[in-house]
Structure formats: C-alpha cells, structure tokens
Amino acid sequence: MNTPHTLTIRPTRMDELDRLTEIFAQAVLFMRSQGNLTQWSGGYPSCTHLREDILLGRSYVALLDGRIVATFCFTAGPDPTYAVIEQGSWLHAGDYHVIHRMACIERGRGVASACMAWCLARARHVRVDTHRDNRPMQRLLAKFGFTPRGIIHIADGSERIAYEHSDSL
0 MNTPHTLTIR
10 PTRMDELDRL
20 TEIFAQAVLF
30 MRSQGNLTQW
40 SGGYPSCTHL
50 REDILLGRSY
60 VALLDGRIVA
70 TFCFTAGPDP
80 TYAVIEQGSW
90 LHAGDYHVIH
100 RMACIERGRG
110 VASACMAWCL
120 ARARHVRVDT
130 HRDNRPMQRL
140 LAKFGFTPRG
150 IIHIADGSER
160 IAYEHSDSL
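Residue numbers (numbering that gives the first Met the number 0): 0 to 168.
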C-alpha cells in the first residue's frame, strides 16, 4: 500500500540558504543531463540572489514529508526583465506576478506541478521565462496553460522564451 505524502509550501527561512544552494546544484546537473548546457551557469543563482529573495519575502520552498525538495521565487511585477519583448507581445498589460528560479529535486512526484498550482492559485496573471533548451520547464508551463509570447533578454543579455498565463482573458 502506498502511503500518501504530505507536500507543503511556505516562505523560505534564511537558515535554509545552504539547502537552496544544494537544490540548485542538483538542478543544474539535471539540466545538463537533459541537454540544457548553458542555463544557470557561472554560479547563477548566487547566494546574493537567494538571500535577497528570502529577505524580500519572495522565496518559497516545497517540503515533501518535511524535507525541502523544491524552491522558487514568486513575486508581484513589474519585472524589468519583461519590459521589452521581441518576436511577440504580451496578452495582458495589467498587473502580473512572476515566477523565477524554480528548482525541484524530486522527479515524478508532482512537486513542480504543486509549486506551479500554488502560484496560479495566488495570482490570475503570471509571467515566467525559460531557456530554449529547458524542455522539462516548457512541458510544465504547457501543462498549466501558459503560452509562449516571445523572446526577452535577461540581465546578462542572453535570450529566454517568455510565457504568460492569464485566466482573466
């Protein structure tokens, strides 16, 4: 008999920074194994990014049976990364929330889906971007009804596919 698992999502605590670093390191290894060879390179996300997310109350962790297995940043926009979109346009010009830096170390247990559902339950309009080679994230976004809207450029100038979800249209 399968025992049901308990999944909870809550704000990240500063004393969990080392665990987040471990999760991102494992996520990078997973991305490389899936053919995504350049996303999150050069030490990104740094401890500075993660610390800032925690201090600003926009970092969250997912716990499976009490063990941190995923993390993500969820915050209200506007986000300067999305100010310019090329080869497309946004569906909705109003207020939105953003998901960044989603990393999950549990495969096949619905953790990433639970994180996405948690975000969508808290905002009617959400934007997210991902690397062209991040097929797992692209599948997750499609599963939740996000549509590709065009290309944006992140701080280092590299391009990302921009996605949008809005249940108000």
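Note that beta-carbon positions come from the ideal geometry of N, C-alpha and C, so glycine has one too.
Rounded separation between residue i and residue j - CA only
{"i": "residue 121", "j": "residue 113", "result": "13 Å"}
{"i": "residue 28", "j": "residue 102", "result": "11 Å"}
{"i": "residue 55", "j": "residue 78", "result": "14 Å"}
{"i": "residue 41", "j": "residue 117", "result": "30 Å"}
{"i": "residue 110", "j": "residue 85", "result": "32 Å"}
Residue i - containing alpha helix (DSSP H), residue span
{"i": "residue 5", "result": "Here residue 5 belongs to no alpha helix (DSSP H), and DSSP marks it neither H nor E."}
{"i": "residue 32", "result": "16 to 32"}
{"i": "residue 74", "result": "Residue 74 -> not in any alpha helix (DSSP H); beta strand (DSSP E) instead, spanning 66 to 75."}
Same chain, Cβ closer than 7 Å to residue i, neighbours up to 5 away in sequence not counted
{"i": "residue 152", "result": "158"}
{"i": "residue 30", "result": "38, 39, 133"}
{"i": "residue 7", "result": "62"}
{"i": "residue 137", "result": "129"}
{"i": "residue 44", "result": "23, 100"}
{"i": "residue 131", "result": "160"}
Endpoints, the beta strand (DSSP E) within which residue i is located
{"i": "residue 49", "result": "Premise fails: residue 49 lies in the alpha helix (DSSP H), 46 to 54, not in any beta strand (DSSP E)."}
{"i": "residue 58", "result": "58 to 63"}
Neighbourhood of residue i by C-beta, 6 Å cutoff - its chain only, sequence neighbours within 5 removed
{"i": "residue 107", "result": "none"}
Cut-off 8 Å between Cβ atoms - residues of its own chain near residue i, not counting five sequence neighbours on either side
{"i": "residue 0", "result": "At residue 0, the pLDDT of 49 sits below 50, so the modelled position is not reliable; the number obtained from the coordinates is stated separately. There are no such residues."}
Q | Length at least 3, wholly inside the stretch 90 to 159: the beta strand (DSSP E) runs in chain order | A | 96 to 103, 124 to 129, 146 to 152
Q) Just checking, does the stretch 121 to 135 make contact with the stretch 55 to 63 on the three C-beta pairs under 8 Å criterion? A) They do not touch, by the three-pair rule.
Q. Is there contact between the stretch 67 to 87 and the stretch 136 to 146, where contact requires at least three CB pairs shorter than 8 Å?
A. no
**Q.** contact_flag[the stretch 83 to 91, the stretch 33 to 49] where n(CB pairs < 8 Å) is 3 or more
**A.** no
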